[in-house]
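Visitor: Reminder that position 380 of the sequence shown reads as 415 in the numbering used here, one-by-one numbering, no gaps.
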Amino acid sequence: MKKIAQQQINDNHKKKKNKFIQFLSKHKRKIIMLVLLCIIIYIVYIVSQLVKNPTDTVFVEMGQIQQEENAVGYIIRDETVLKGKNYKNGIEQIKTEGEKVAKNQEIFRYYSNNENNLVKKIQELDAKIDEAMTNKENTILPTDTKLLQQQIDSKINNLYRECDLTKIKESKQEINNNMTRIAKITGEKSPAGSYLKKLIDQRSKYENQLNSGSEYLKATRSGVVSYRVDGYEDILTPDDFSKYTKQFLNDLNLKTGQIIPSSSESGKIIDNYYAYIVTVVDSEYAKDIEIGDSIKIRLPSGTETEAIIEYKLKEDNDYVLTLRIEENINELIDYRKISFSIIWWRDTGMKIPNSAISYETKANNEIAYVNRKRIEYEDKIPVKILKSNEKYSVVDNYNSDELKELGYSSDEIRNMSTISIYDEILINK
């Protein structure tokens, strides 16, 4: 009887097992999909937690931090405008934009009144002279012209590699002079010399008229040449920085970053030793800065240069600062108003995020500290904050005397650890 009962139990187990196997076989795909979905959900959850809080610790590293502020500045320069009587005729540049010149050097000239007509006549004569020189009836003596022709060929070859506009013009003039000399030699030595001489004399006459009718402007001082003249040369001057108030600057209605257009009527000479930037800031650092102090600024090009506080004016809660710069002045020639950055300070040392710093009070002293993580334990280490910005601080260790002044006992100091590079410290949540 017992055997029959046991057999029935075994049969029931087999039936249930078979039904379960049949269920698994029937829903195998759904079950696999469900398991995979659960795994994916779990992975997404883990990744999202890591993104929100990728790590609870950070390593101490050597690094640099700085405090900078974006500002808008007005360019002040010592400028001398050059403008002649024939300014309506247009300019031919002799010295290029940004080129350094000495006093009394020719900068540019105004075209003469009848220049186009004279240039056309000279070109026509050049064609006739060239035709006369190549005429088969002419007897050209190579011994008289060979050296001049070599000089012309050399100048022409050098022009292919030359980028300086001034040197190109000089070479062109030398080539023309040598060609004229060859023409004269050819004219004197050839049977058709009288005709060629007549053409050359006529060309010289037109050229003299062209030169005598031109008005040349010379530098009245040494400096840098610019043709970007906008009318503010006599307004934004370095003679009196106290006049540059907030109201004065706002009334100028200048656009930030706008490039000064080149003039076709005048040029100017700019002092290449100093330039000034006047800016209005409300920073706490501007409150403490003194005339004569040195700071770093970053120009629109990204170039960093040193600036000296030349003048300081307090207006309400703002400060109008005049900064003097002595390098990279050419980068400012194109502008009257720029966006730039003031770098108030920069420091290097053990760099840690501010989120890793906690504070405690000891003997009425607020002390900063970090929690260093070890494998078996954690250390609470006081740190001296040297410099801080919005995100990071540069810190150092206290010495024994400093810790005593802060209220630590000799035993506490003896058992106290110090922070160093590559230590792992905890981030505060």
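Backbone N, C-alpha and C define an ideal beta-carbon position, used for all residues, glycine too.
Taking the beta strand (DSSP E) that arginine 371 falls in, what are its first and last residues?
Guide: On the sequence shown, position 336 is the one that residue 371 refers to. From DSSP, arginine 371 is part of no beta strand (DSSP E); its letter is neither H nor E.
Visitor: Does the count of Cβ pairs from the region 359–367 and the region 397–404 closer than 8 Å reach three?
Guide: The region 359–367 is not in contact with the region 397–404.
Visitor: Taking the alpha-carbon of methionine 451 as reference, which of Asn432, Leu461, Asp458 has the nearest alpha-carbon?
Guide: Numbered from its first residue, the sequence shown carries residue 451 at position 416. Of the candidates Asn432, Leu461, Asp458, the one whose C-alpha sits nearest the C-alpha of methionine 451 is Asn432.
Visitor: Less than 6 Å between C-beta atoms, sequence neighbours within five positions excluded: which residues of the same chain meet that for threonine 357?
Guide: Here residue 357 is taken as the residue at index 322 of the sequence shown, counted from 1. Around threonine 357: Phe276, Tyr311, Val313, Glu345, Tyr346.
Visitor: Leaving out the 5 sequence neighbours to the left and right, which residues in its chain are closer than 6 Å to tyrosine 252 when beta-carbon positions are compared?
Guide: In the sequence shown, residue 252 corresponds to position 217, counting from 1. In the sequence on display, residue 252 carries leucine and not tyrosine. Same-chain partners within the cutoff: Leu117, Gly119, Ile142, Phe143.
Visitor: Counting pairs of beta carbons, one from the region 263–272 and one from the region 292–306, are three or more of them closer than 8 Å?
Guide: Output reads yes: the region 292–306 touches the region 263–272.
Visitor: Express the C-alpha separation of tyrosine 457 and arginine 409 in angstroms, rounding to a whole number.
Guide: On the sequence shown, residue 409 is found 374 positions in, with the first residue counted as 1. On the sequence shown, residue 457 is found 422 positions in, with the first residue counted as 1. Using only the alpha carbons, I get a separation of about 12 Å.
Visitor: Between the C-alpha atoms of glycine 108 and lysine 372, what's the straight-line distance to the nearest angstrom?
Guide: Position 73 of the sequence shown, counted from the start, is the residue given in the question as residue 108. Position 337 of the sequence shown, counted from the start, is the residue given in the question as residue 372. In a straight line, the C-alpha of glycine 108 is about 6 Å away from that of lysine 372.
Visitor: Quick check: the region 410–421 against the region 432–442, are there 3 or more CB pairs under 8 Å?
Guide: Contact between the region 410–421 and the region 432–442 is present, because at least three Cβ pairs lie under 8 Å.
Visitor: Since asparagine 406 contacts isoleucine 460 with CB under 8 Å, what's their CB separation in whole angstroms?
Guide: In the sequence shown, the residue the question calls residue 406 occupies position 371. In the sequence shown, the residue the question calls residue 460 occupies position 425. Contact holds; Cβ gap of about 6 Å.
Visitor: Would threonine 92 pass as a contact of isoleucine 462 if the rule is Cβ separation under 8 Å?
Guide: Taking the sequence shown and counting its residues from 1, the one referred to as residue 92 is at position 57. Taking the sequence shown and counting its residues from 1, the one referred to as residue 462 is at position 427. Taking 8 Å as the Cβ cut-off, threonine 92 and isoleucine 462 qualify as a contacting pair.
Visitor: Where does tyrosine 404 sit, in a helix, a strand or coil, going by DSSP?
Guide: Residue 404 sits at position 369 when you count from the first residue of the sequence shown. Looking at tyrosine 404 - three-state DSSP - the assignment turns out to be strand.
Visitor: Please report the distance separating the alpha-carbon of serine 336 from that of tyrosine 427.
Guide: For the purposes of this step, residue 336 is identified with residue 301 of the sequence shown, where counting begins at 1. For the purposes of this step, residue 427 is identified with residue 392 of the sequence shown, where counting begins at 1. One C-alpha to the other measures close to 26 Å.
Visitor: Using a Cβ-Cβ cut-off of 6 Å (strictly less than) and excluding sequence neighbours within five positions of isoleucine 126, which residues of its own chain qualify?
Guide: Start at 1 with the first residue of the sequence shown, and residue 126 comes out as number 91. Counting only Cβ-Cβ distances below 6 Å, and skipping sequence neighbours, we find Phe143, Ser299.
Visitor: Measure the CB-CB distance between isoleucine 100 and valine 429 and report whether it falls below 8 Å.
Guide: Here residue 100 is taken as the residue at index 65 of the sequence shown, counted from 1. Here residue 429 is taken as the residue at index 394 of the sequence shown, counted from 1. Yes, the pair counts as a contact, with Cβ atoms nearer than the cut-off.
Visitor: Can you find a C-beta in chain B that's less than 8 Å from the C-beta of asparagine 406?
Guide: This model lacks chain B altogether, as it is built from one protein chain only.
Visitor: By the DSSP assignment, the alpha helix (DSSP H) with asparagine 399 in it spans what residues?
Guide: Here residue 399 is taken as the residue at index 364 of the sequence shown, counted from 1. Looking at the DSSP string, asparagine 399 is not in any alpha helix (DSSP H), and its letter there is neither H nor E.
Visitor: Among Gly258, Met97, Val70, Leu72, which has the Cα closest to the Cα of threonine 383?
Guide: Here residue 383 refers to the residue found at position 348 of the sequence shown. The candidate whose alpha carbon is nearest that of threonine 383 is Met97.
Visitor: Do serine 318 and glutamate 104 have their beta-carbon atoms positioned less than 8 Å apart in this structure?
Guide: The sequence position of residue 104 within the sequence shown is 69, counting from 1. The sequence position of residue 318 within the sequence shown is 283, counting from 1. The answer is yes: Cβ separation under 8 Å.
Visitor: Taking 8 Å as the cut-off, decide whether the C-beta atoms of lysine 386 and leucine 441 are in contact.
Guide: Taking the first residue of the sequence shown as 1, we reach residue 386 at position 351. Taking the first residue of the sequence shown as 1, we reach residue 441 at position 406. In this structure, leucine 441 does not lie closer than 8 Å to lysine 386 by Cβ.
Visitor: From this set, Lys138, Ser423, Glu411, Val70, which residue's C-alpha is nearest proline 388's C-alpha?
Guide: Looking up residue 388 in the sequence shown gives position 353. Answer by Cα proximity: Ser423.
Visitor: Nearest CA to the CA of serine 297: which residue from Asn307, Asn124, Thr115, Glu132?
Guide: Position 262 of the sequence shown, counting from 1, holds the residue named residue 297. Among Asn307, Asn124, Thr115, Glu132, the Cα nearest to that of serine 297 is on Glu132.
Visitor: Report the three-state DSSP secondary structure of tyrosine 320 (helix, strand or coil).
Guide: For the purposes of this step, residue 320 is taken as residue 285 along the sequence shown, with counting starting at 1. Correct three-state label for tyrosine 320: helix.
Visitor: Quick check: the Cα distance between lysine 138 and glutamine 102, rounded to an integer number of angstroms?
Guide: For the purposes of this step, residue 138 is taken as the residue at position 103 of the sequence shown. For the purposes of this step, residue 102 is taken as the residue at position 67 of the sequence shown. Straight-line Cα distance between these residues: approximately 43 Å.
Visitor: Bridge partners for leucine 252 per DSSP, in chain order?
Guide: Position 217 of the sequence shown holds residue 252. The partner list for leucine 252 (beta bridge, DSSP) reads Phe143.
Visitor: Among Thr280, Asp369, Ile78, whose alpha-carbon lies nearest the alpha-carbon of aspartate 351?
Guide: As a position in the sequence shown, residue 351 is number 316, starting the count at 1. Measuring from the Cα of aspartate 351, the nearest candidate turns out to be Thr280.
Visitor: Would you mind reading off the limits of the alpha helix (DSSP H) that contains serine 445?
Guide: Taking the first residue of the sequence shown as position 1, residue 445 is located at position 410. Unbroken alpha helix (DSSP H) run through serine 445: 445–449.
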